[in-house]
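Protein chains in written order, with this note's numbering: chain B, 1 to 239; chain R, 240 to 530.
Single-structure report; data block below.
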Amino acid sequence: MSITTGNILEVRGLTARYGEVTALRSADLDLKEGELIAVLGPNGAGKSTLMRSIVGLTSASGDVRFRGELLPRNAAAVAARGIALVPEGRGIFGPMSVEENLQLGAYMINGRGEDYERRLSRVLTLFPRLKERLSQAAGSMSGGEQQMLAVGRALMADPKLLLLDEPSLGLAPKVTAEILETLAELNRSGLSVLLVEQKAPLALKIASRAYVVVNGRISTEIDTKEITSHDQLARYYFQ
Amino acid sequence: MLDLSFLGQTILNGLSVGCIYGLIGIGFCVIYNASGIVNFAQGAFVMLGGMITYVLVSLNVPLILAAAITIICVALVGVIIERIVVRPLWDRKATMFVMILATLAAQIVIERATLIVVGDQPKSLPVFTDLPPLRLFGIAIGYQTLWIFGTSIVLIIALGLFFQKTLVGRAMRACAINREAAALQGIQVSHMLALSFALSAGLGAIAGILVTPTQFTAFNVGTPFAISGFIAAIVGGFGRPFGAFLGGLTLGLAQALAVYSLGSGLKNMAALSVLLLFLFLRPSGILGSAK
Ligand SMILES: Nc1ncnc2c1ncn2[C@@H]1O[C@H](COP(=O)(O)OP(=O)(O)O)[C@@H](O)[C@H]1O
Ligand SMILES: [Mg+2]
Chain B
1 MSITTGNILE
11 VRGLTARYGE
21 VTALRSADLD
31 LKEGELIAVL
41 GPNGAGKSTL
51 MRSIVGLTSA
61 SGDVRFRGEL
71 LPRNAAAVAA
81 RGIALVPEGR
91 GIFGPMSVEE
101 NLQLGAYMIN
111 GRGEDYERRL
121 SRVLTLFPRL
131 KERLSQAAGS
141 MSGGEQQMLA
151 VGRALMADPK
161 LLLLDEPSLG
171 LAPKVTAEIL
181 ETLAELNRSG
191 LSVLLVEQKA
201 PLALKIASRA
211 YVVVNGRIST
221 EIDTKEITSH
231 DQLARYYFQ
Chain R
240 MLDLSFLGQT
250 ILNGLSVGCI
260 YGLIGIGFCV
270 IYNASGIVNF
280 AQGAFVMLGG
290 MITYVLVSLN
300 VPLILAAAIT
310 IICVALVGVI
320 IERIVVRPLW
330 DRKATMFVMI
340 LATLAAQIVI
350 ERATLIVVGD
360 QPKSLPVFTD
370 LPPLRLFGIA
380 IGYQTLWIFG
390 TSIVLIIALG
400 LFFQKTLVGR
410 AMRACAINRE
420 AAALQGIQVS
430 HMLALSFALS
440 AGLGAIAGIL
450 VTPTQFTAFN
460 VGTPFAISGF
470 IAAIVGGFGR
480 PFGAFLGGLT
490 LGLAQALAVY
500 SLGSGLKNMA
510 ALSVLLLFLF
520 LRPSGILGSA
530 K
């Protein structure tokens, strides 16, 4: 059944509505194995809806294929296929400890055992700051640390595809740079990444391609090497 | 002197029934946390707990075995209600109002079915330990009261360990904090919902089994217990299981003291006054609301 196209993710005609509002109109998107691509676009364009629809958090219509196989429209079942989303606003479990958050990231391997320990030590190596805070309530950490936890928790599932929805939201530029550098590093070690960002220049530094979403439509696909100036990017947004 | 021991007796009895309210209140919280649903069928679980145990005991099943079978049966009833009443509505994103009405309807269906099967006569259960009460400072401490305190404490500790230490308990807490984020970790939120109904129904059944020897049970005792448990949950800070238990104790105590000082006609007035007092003065409850 599965046709080898080299794509880890194929989105076809994905459409999502909130009541009368169509937030996403027939979106098509491809992500190759091992690629890191960006989804750009202004506030309210439909980027989050796209991410949420891919992982089955909305009642969208259209096809999403992961390695050739149709994905179910159930977030837990999508997670079980090896796709992790770091949602907008991070979605960490604030009253729980950092360690409990990370353990829940590995819920699908029962949060224990050799694999669990291996994943935990890998995440703590990537984000050493979490190591010092394992027993601290997750919600009491700084925004940057919470974002690291959100990414770390997603990695605890050992995903094949990582989706991130505006990880830079509300973070200092230095922390954002640190997190994006970690993403680039993860991508170099083989992880496929789909990154939503409003701060286009940051995302374009690490992405090989980008889609621009405007008004619920994927309006353009751009090769990041073609983008050399801010003006050029602005033209994509406002064409 | 005599009066003081009577006061002590009153307090003891109030705390004892308060434990029962508390267990029912915890049932409300467990379901609410997993789903955001206020399940008014909670009272039916309490009634079924006493009633099924009564039926089994009258068939000569030993009490402990009867209680164990009952708890399992009632937990199953909880899962069935979740499956055929709650889940279809939940999937359709029904409003809180619709959900409350639906669970209330389920409660009435169970109540009426019980009436048809066992009739309208009150039933009772023998006390678990048939010994004369202990006497301490002129206060009679019945063994059933000790069973109620003991079981409640064991359940509170067990639930605490479950929610704090086990992965499934942590997953249920995660659902309470952020359902979508929980689903993104691979947690099937609908399984947690079913589990929360099983847990709450089991707790309700235990409460019903414990309280029946001290009072009686009948097809229609569910609603008053559900209301008391609901008040306990609100007083404790809705969604906080331990708070609900404290709320239950507060409520049981307030009722007993009102009856002691003002007469038995004021039991319900005391309960509702406690509720109003908290709604006005501390709407987030003893421990603060969960969300
Ligand atoms: N839960 C919701 N209910 C109603 N409308 C929504 C909801 N979420 C998003 N929208 C609307 O859908 C559109 C796209 O939103 P979103 O996907 O969050 O955009 P972005 O992530 O690009 O900022 C916006 O017009 C937004 O107002
Ligand atoms: Mg967004």
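Just so you know, even glycine gets a beta-carbon here, dropped at the ideal spot from N, CA and C.
Quick check on DSSP: helix, strand or coil for B:Asp63?
Numbered from 1 along the first sequence, position 63 holds the residue referred to as residue 63 of chain B. Strand, per DSSP.
Are R:Gly524 and R:Gly482 close, meaning C-beta to C-beta below 7 Å?
In the second sequence, counting from the first residue as 1, residue 524 of chain R sits at position 285. In the second sequence, counting from the first residue as 1, residue 482 of chain R sits at position 243. A contact, by the Cβ cut-off of 7 Å.
Using the rule of at least 16 other Cβ atoms within 10 Å of the residue's Cβ for burial, across every protein chain shown, is B:Met148 buried or exposed?
Residue numbering aside, residue 148 of chain B sits at position 148 when the first sequence is read from its first letter. The residue in question, B:Met148, is buried, as its Cβ has 16 or more Cβ neighbours within 10 Å.
Inspect the CB distances between the region 432 to 444 of chain R and the region 76 to 93 of chain B and report whether three or more fall short of 8 Å.
no
Applying the 10 Å Cβ sphere with the 16-neighbour rule, what's the burial state of R:Ala397?
What you label residue 397 of chain R is simply residue 158 of the second sequence in a count that begins at 1. R:Ala397 should be labelled exposed.
Could you tell me which residues DSSP pairs with R:Tyr382 in its beta bridges?
Taking the second sequence and counting its residues from 1, the one referred to as residue 382 of chain R is at position 143. None, per the DSSP bridge assignment.
Tell me whether the beta-carbon of R:Pro480 lies closer than 7 Å to the beta-carbon of R:Cys268.
As a working mapping, residue 480 of chain R is identified with position 241 in the second sequence. As a working mapping, residue 268 of chain R is identified with position 29 in the second sequence. Their beta carbons are under 7 Å apart, which means R:Pro480 touches R:Cys268 by this criterion.
Give a yes or no on whether the minimum CB-CB distance between R:Ala420 and chain B is below 7 Å.
Position 181 of the second sequence, counted from the first residue, corresponds to residue 420 of chain R. Yes, because at least one Cβ of chain B sits closer than 7 Å to the Cβ of R:Ala420.
According to DSSP, is R:Val362 helix, strand or coil?
Here residue 362 of chain R is taken as the residue at index 123 of the second sequence, counted from 1. For the sequence presented, residue 362 of chain R should be read as Lys rather than Val. Looking at R:Lys362 - three-state DSSP - the assignment turns out to be strand.
Helix, strand or coil, according to DSSP, for B:Glu114 in the structure here?
Counting from 1 along the first sequence, the entry for residue 114 of chain B is found at position 114. The answer is helix: DSSP assigns B:Glu114 an H, G or I state.
Counting only the same chain and skipping the five closest in sequence on each side, list residues whose C-beta sits under 8 Å from that of R:Thr353.
For the purposes of this step, residue 353 of chain R is identified with residue 114 of the second sequence, where counting begins at 1. Answer for R:Thr353: Met286, Leu287, Met290, Phe458, listed in chain order.
Which partner residues of B:Thr22 appear in the DSSP bridge assignment?
Residue 22 of chain B sits at position 22 when you count from the first residue of the first sequence. Its beta-bridge partners are B:Arg17.
Three-state secondary structure assigned by DSSP to B:Thr58:
Start at 1 with the first residue of the first sequence, and residue 58 of chain B comes out as number 58. In the structure shown, B:Thr58 sits in coil (DSSP, three-state: anything other than H, G, I, E or B).
Partner residues on chain B for R:Ala413, Cβ-Cβ distance less than 9 Å
The residue given as residue 413 of chain R occupies position 174 in the second sequence. By Cβ distance, chain B contributes Phe93, Met96, Glu100, Asn101, Leu104, Tyr107.
To the nearest angstrom, how far is it from the Cα of B:Leu171 to the Cα of R:Leu385?
Here residue 171 of chain B refers to the residue found at position 171 when the first sequence is read from its first residue. Here residue 385 of chain R refers to the residue found at position 146 when the second sequence is read from its first residue. Spanning the two alpha carbons is a distance of roughly 56 Å.
Kindly examine ligand 2 and report whether one of its heavy atoms sits closer than 6 Å to the Cβ of B:Glu88.
Start at 1 with the first residue of the first sequence, and residue 88 of chain B comes out as number 88. Checking the Cβ of B:Glu88 against ligand 2 gives yes.
Using beta carbons (cut-off 7 Å, strictly below), is B:Leu85 in contact with chain R?
The count along the first sequence starts at 1 and reaches residue 85 of chain B at position 85. Closer than 7 Å to some Cβ of chain R, the Cβ of B:Leu85 qualifies, so yes.
Is there a Cβ of chain B sitting closer than 7 Å to that of R:Asn299, yes or no?
Translated into positions along the second sequence, residue 299 of chain R becomes position 60. It does not: the Cβ of R:Asn299 has no partner Cβ on chain B nearer than 7 Å.
I'd like to know whether the C-beta of B:Leu24 is nearer than 7 Å to at least one C-beta of chain R.
Here residue 24 of chain B refers to the residue found at position 24 of the first sequence. No, because no Cβ of chain R sits closer than 7 Å to the Cβ of B:Leu24.
Cα-Cα, which of R:Ala510, R:Thr462, R:Ala497 is closest to R:Ile470?
For this step, residue 470 of chain R is matched to residue 231 along the second sequence. Closest by alpha carbon: R:Ala510.
Quick check: what's the CA-CA separation for R:Leu343 versus R:Leu432?
Position 104 of the second sequence, counted from the first residue, corresponds to residue 343 of chain R. Position 193 of the second sequence, counted from the first residue, corresponds to residue 432 of chain R. Each residue's Cα considered, the two are about 18 Å apart.
Taking B:Leu57 as the query, report the chain R residues whose CB atoms sit under 9 Å from its CB, ordered along the chain.
Numbered from 1 along the first sequence, position 57 holds the residue referred to as residue 57 of chain B. Correct list: Glu419, Ala422, Leu423.
Let's test the definition: count the other Cβ atoms within 10 Å of the Cβ of R:Arg409 and tell me whether it reaches 16, buried, or not, exposed.
Counting from one through the second sequence, the residue named residue 409 of chain R turns up at place 170. It counts as buried.
By the 10 Å Cβ neighbour count, where 16 or more other Cβ atoms means buried, how is R:Met508 classified, buried or exposed?
On the second sequence, position 269 is the one that residue 508 of chain R refers to. Exposed, by the Cβ-count rule.
From R:Pro365, R:Met335, R:Gly475, pick the residue whose C-alpha is nearest to that of R:Val522; which is it?
Mapped onto the second sequence, residue 522 of chain R falls at position 283. Looking at the sequence itself, residue 522 of chain R is Pro, so the reference to Val does not match. It is R:Gly475 whose Cα lies nearest to the Cα of R:Pro522.
When every heavy atom of ligand 1 is checked, does at least one fall within less than 6 Å of the C-beta of B:Ala23?
Taking the first sequence and counting its residues from 1, one reaches residue 23 of chain B at position 23. B:Ala23 Cβ: within cutoff of ligand 1.
Taking 6 Å as the cut-off, is the C-beta of B:Gly62 nearer than that to any heavy atom in ligand 1?
The count along the first sequence starts at 1 and reaches residue 62 of chain B at position 62. No.
Chain-ordered chain B contacts of R:Ala410 [CB-CB under 7 Å]:
To locate residue 410 of chain R, count along the second sequence from 1; it is residue 171. Near R:Ala410 (Cβ distances below 7 Å), the residues of chain B are Leu104, Tyr107.
Below 8 Å on the Cβ atoms is my guess for R:Ala472 versus R:Gly264; work out the distance and round it to an integer in Å.
Translated into positions along the second sequence, residue 472 of chain R becomes position 233. Translated into positions along the second sequence, residue 264 of chain R becomes position 25. Contact flag correct, Cβ pair sits at about 4 Å.
Excluding the five sequence neighbours on either side, which residues of its own chain have a C-beta within less than 8 Å of the C-beta of B:Ile179, listed in chain order?
As a working note, residue 179 of chain B is residue 179 in the first sequence. Gly144, Gln147, Met148, Val151, Pro167, Ser168, Leu171.
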